[in-house]
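Undergrad: Residue numbers (UniProt numbering), protein chains in the order written: chain A, 1 to 336; chain B, 1 to 336. Below is the structure I would like to discuss, written out as structure tokens.
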DNA sequence: TTGAAAGCGATACCAG
DNA sequence: CTGGTATCGCTTTCAA
């Protein structure tokens with residue numbers, strides 16, 4: 001196995017200096033004729049820049065990173081892999097890392113990525129309130145996905161119009177005659193903007209619905225405990241519909257319902273706040289709010305590449321919700 | 001923002017040469033006393049090795065890579081992210097890349113990973129027959145997952161005992177009284193060992209079942225076409241059970257069945273050859289063959305790290321199947 | 001337009 | 001046990 005050719009080899013081949021070859025190869029200098037000659041020689045030798053040497057020399061690694069708060073969650077897992085795929089499809093090298101639900105690890109990975117000279121970051125943050133985001137965003141183009149990063153004005157973001165999503169769900173359920181709504185939301189606040197709690201309450205009030213809030217730990221932490229609590233809450237409150245704000249919990253609720261002998265959607269409407277691929281096959285029908293996956297990915301990637309290539313400043317894109325109705329009961333509360 | 005301290009800075013601080021410091025920090029040399037002093041100084045300065053400089057100097061990047069044939073497939077996606085998570089959990093840096101169903105890209109990514117000096121590879125190969133695997137495996141510890149790499153004796157592998165899986169499925173269906181089996185398998189052969197086709201036929205013959213084979217394109221390629229073909233094949237052959245070998249097609253079959261007005265499992269048994277997280281919620285019940293995910297991940301990661309740390313030679317681990325029965329009809333063929 | 005030379009931040013060989 | 005010093009392969013001033 002013969003060694004890979006280096007810049008020097010190419011230089012020797014064309015009788016120029018490595019510097020000149022370097023510039024020529026990147027199209028930064030040289031007469032058209034020189035460039036062509038260099039290109040040809042490089043091609044002939046099968047020369048490829050060594051990304052590591054380049055990174056050491058100029059501080060850029062040529063690699064973008066996707067940092068995911070937790071790939072345990074189906075939707076985030078799909079998002080993360082789609083982002084990587086989109087980047088690769090645009091001929092960028094991309095790597096995916098996963099904080100696995102641990103905020104400390106999120107921080108550690110961030111340091112790691114800095115060390116690795118990641119040129120840009122796509123982040124589904126675990127803790128959007130963490131102060132360190134601004135420091136990172138200041139030195140590296142960064143696009144947050146899902147929620148704005150509270151303390152990082154330098155970061156771009158692709159955010160979901162949660163309030164609009166809530167309104168969509170509440171409208172839908174109200175129109176079907178539901179009066180009591182059980183809302184599952186994450187234990188820790190996650191949106192830097194108006195708290196989900198407030199928005200949901202407000203939307204519900206506008207439609208005359210009663211809301212019961214149930215805070216659940218992040219998905220995957222302890223899969224069983226919350227199911228029991230959900231089942232209990234359903235019985236206790238007599239809610240006829242469950243709205244799952246915490247990503248990934250709609251499936252758990254379906255499991256809980258099944259255990260409790262509740263039929264979905266005949267006895268209970270379940271609405272998720274995301275739209276995973278398998279939702280159409282799950283149970284007899286799970287209604288979800290969908291944030292057009294492709295649009296999210298496309299927007300985020302475009303933002304990042306723009307920032308990278310054209311040094312555009314930070315910006316925020318808002319993704320509108322769409323309701324995908326796959327089964328909700330309209331049985332009025334009196335009938336139960 | 002002050003510059004990160006370098007090895008030189010630490011050396012200056014303790015009055016030693018960078019070489020000595022480098023060795024001391026890695027615990028390769030130096031009296032206990034020297035090491036302690038160096039450690040302390042490094043700590044005090046907040047020194048962290050620069051992985052890029054290190055990679056350039058010694059050819060190792062300190063990063064392991066997971067190369068996935070296609071993250072479009074739910075099961076592979078889960079596998080890939082789980083592998084990354086497992087590696088990170090063991091304090092390794094890991095990156096995930098995705099060939100997205102394109103064999104050429106698989107090859108290109110492999111080159112890329114070589115350039116990036118990946119220290120080890122975990123691979124769910126798209127094309128296990130490709131000759132280039134051996135070249136890669138020869139220079140980098142490599143563990144293949146799912147199938148052996150036909151031409152790469154230097155690579156380790158975690159393989160699924162497909163034949164045993166087939167037997168499990170066929171036994172199960174035969175016991176329920178099924179006589180006609182529709183088997184979906186990938187267009188391209190994927191197992192270097194005995195072809196799936198042969199194994200399935202053999203297992204079926206042993207139980208007196210008739211087998212209809214239907215070759216389908218890889219998941220995600222053209223989501224609609226195969227569904228129609230499946231529906232047609234069901235009607236044409238009068239099969240009472242479908243066995244999906246091609247990963248990810250069980251869900252599509254359920255969709256096809258629904259469109260055709262077939263009820264699962266009352267009219268049709270559907271068996272998948274993997275066990276995705278959501279299988280228990282899908283439809284009224286999807287029976288699957290399960291390859292203990294955790295065991296697969298654990299085994300693969302352990303193999304890779306052993307090869308890395310102890311220079312163990314290539315080995316092969318076989319994962320045994322388990323049948324997860326979630327709903328199959330026992331309606332005898334005569335009743336249809 | 002081109003080239004010589006100084007980094008970038010470590011590692012590893014080889015003397016002392 | 002230590003410490004010069006030559007790499008590793010490329011980028012980038014700065015002169016020519």
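Note that beta-carbon positions come from the ideal geometry of N, C-alpha and C, so glycine has one too.
Roughly how many whole angstroms lie between the Cα atoms of residue 337(B) and residue 71(A)?
TA: Only positions 1 to 336 of chain B appear in the structure, and residue 337(B) is not among them; the question remains open.
Undergrad: Return the first residue and the last residue of the beta strand (DSSP E) that residue 96(A) is part of.
TA: Taken as a continuous stretch (DSSP letters only), the beta strand (DSSP E) holding residue 96(A) covers 93 to 98.
Undergrad: Contact check, residue 276(B) vs residue 78(B) under 8 Å by CB: the rounded distance?
TA: 7 Å between Cβ atoms; contact.
Undergrad: Check residue 213(A) in the structure and name its three-state DSSP category.
TA: Residue 213(A): strand per DSSP, three-state reduction.
Undergrad: Does residue 243(B) have its Cβ less than 9 Å from a Cβ in chain A?
TA: No - not a single Cβ of chain A is within 9 Å of the one on residue 243(B).
Undergrad: Are the CB atoms of residue 216(B) and residue 260(B) within a distance shorter than 9 Å?
TA: In this structure, residue 216(B) does not lie closer than 9 Å to residue 260(B) by Cβ.
Undergrad: Let me know if residue 311(A) comes out buried or exposed under the rule of 16 or more other beta-carbons within 10 Å of its beta-carbon.
TA: Residue 311(A) is exposed by the Cβ-count criterion.
Undergrad: Return the bridge partner residues of residue 242(A) from the DSSP annotation.
TA: For residue 242(A), which the question treats as bridged, DSSP gives the partners 182(A), 270(A).
Undergrad: Can you list, in chain order, the residues of its chain whose CB lies under 6 Å from that of residue 47(B), leaving out five sequence neighbours each side?
TA: Closer than 6 Å at Cβ, skipping near neighbours: 5, 10.
Undergrad: Could you check whether the Cβ of residue 80(A) sits closer than 9 Å to any Cβ belonging to chain B?
TA: So yes, residue 80(A) belongs to the interface.
Undergrad: Less than 8 Å between C-beta atoms, sequence neighbours within five positions excluded: which residues of the same chain meet that for residue 107(A)?
TA: Excluding sequence neighbours, residue 107(A) sits near 130, 132.
Undergrad: Taking 9 Å as the threshold (beta carbon to beta carbon), is residue 217(A) in contact with chain B?
TA: Residue 217(A) does not count as touching chain B.
Undergrad: Three or more C-beta pairs closer than 8 Å, one from the region 145 to 159 of chain A and one from the region 178 to 186 of chain A: is that the case here?
TA: Touching, no.
Undergrad: Would residue 112(B) pass as a contact of residue 136(B) if the rule is Cβ separation under 9 Å?
TA: Going by C-beta atoms, residue 112(B) is not nearer than 9 Å to residue 136(B).
Undergrad: Round the Cβ separation of residue 299(A) and residue 317(A) to the nearest angstrom and send it over; I've been treating them as touching at under 8 Å.
TA: Contact flag correct, Cβ pair sits at about 5 Å.
Undergrad: Can you give me the start and stop residues for the beta strand (DSSP E) that residue 322(A) sits inside?
TA: Taken as a continuous stretch (DSSP letters only), the beta strand (DSSP E) holding residue 322(A) covers 322 to 324.
Undergrad: Hey, does residue 117(B) have any beta-carbon neighbour from chain A nearer than 9 Å?
TA: Yes - at least one Cβ of chain A is within 9 Å of the one on residue 117(B).
Undergrad: Please identify, using Cβ separations under 8 Å, the residues of the region 166 to 195 of chain B that lie next to chain A, in order along the chain.
TA: Listed in sequence order: no entries.
Undergrad: Mapping DSSP to helix, strand and coil, what is residue 253(B)?
TA: Three-state result, residue 253(B): helix.
Undergrad: What residues from the UniProt domain "HTH lacI-type" (5 to 58) of chain A come within 8 Å of chain B, judged by C-beta to C-beta, listed N to C?
TA: Within the UniProt domain "HTH lacI-type" (5 to 58) of chain A, the qualifying residues are 48, 50, 51, 52, 53, 55, 56.
Undergrad: Do the region 232 to 250 of chain B and the region 264 to 282 of chain B touch if we need at least three Cβ pairs shorter than 8 Å?
TA: The region 232 to 250 of chain B, when compared against the region 264 to 282 of chain B, does touch it at the 8 Å Cβ threshold.
Undergrad: Which of the three DSSP states is assigned to residue 118(A) in this structure?
TA: In this structure, residue 118(A) counts as coil in the three-state DSSP scheme.
Undergrad: Which runs of the beta strand (DSSP E), 3 residues or longer, sit entirely within the region 112 to 164 of chain B?
TA: Counting whole runs of 3 or more residues, the region 112 to 164 of chain B contains the beta strand (DSSP E) stretches 120 to 124, 142 to 146, 156 to 160.
Undergrad: CB residue 209(B) to CB residue 264(B), shorter than 9 Å?
TA: Going by C-beta atoms, residue 209(B) is not nearer than 9 Å to residue 264(B).
Undergrad: Could you check whether the Cβ of residue 170(A) sits closer than 8 Å to any heavy atom belonging to the ligand MN?
TA: Absent from the structure shown: the ligand MN. Ligands present: none.
Undergrad: Return the residue from the list 45(A), 127(A), 268(A) that minimises the CA-CA distance to residue 104(A).
TA: Nearest C-alpha to residue 104(A): 127(A).
Undergrad: Give a yes or no on whether 9 Å exceeds the smallest Cβ distance from residue 105(A) to chain B.
TA: By this cut-off, residue 105(A) is an interface position.
Undergrad: What are the boundary residues of the alpha helix (DSSP H) that residue 199(B) is part of?
TA: Unbroken alpha helix (DSSP H) run through residue 199(B): 196 to 207.
Undergrad: What residue does the beta strand (DSSP E) around residue 287(A) start on, and which one ends it?
TA: Note, residue 287(A): beta strand (DSSP E), 287 to 290.
Undergrad: Taking only three categories from DSSP, how would you classify residue 49(B)?
TA: Correct three-state label for residue 49(B): coil.
Undergrad: Output yes or no for whether 9 Å exceeds the beta carbon distance between residue 253(A) and residue 235(A).
TA: No, these two residues do not count as a Cβ contact at 9 Å.
Undergrad: Give a yes or no on whether the C-beta atoms belonging to residue 282(A) and residue 282(B) are separated by under 9 Å.
TA: The answer is yes: Cβ separation under 9 Å.
Undergrad: Decide if residue 138(A) is buried, meaning its Cβ has at least 16 other Cβ atoms within 10 Å, or exposed.
TA: It counts as exposed.
Undergrad: Look up residue 71(B) in the DSSP assignment and say whether it is helix, strand or coil.
TA: Looking at residue 71(B) - three-state DSSP - the assignment turns out to be coil, as it is neither helix nor strand.
Undergrad: Residue 87(A) and residue 64(A) look like a contact to me (Cβ under 8 Å); what is the Cβ gap, rounded to whole Å?
TA: Confirmed, Cβ separation roughly 6 Å.
Undergrad: Look up residue 316(A) in the DSSP assignment and give the residues it is bridged to.
TA: Beta-bridge pairing links residue 316(A) to 157(A).
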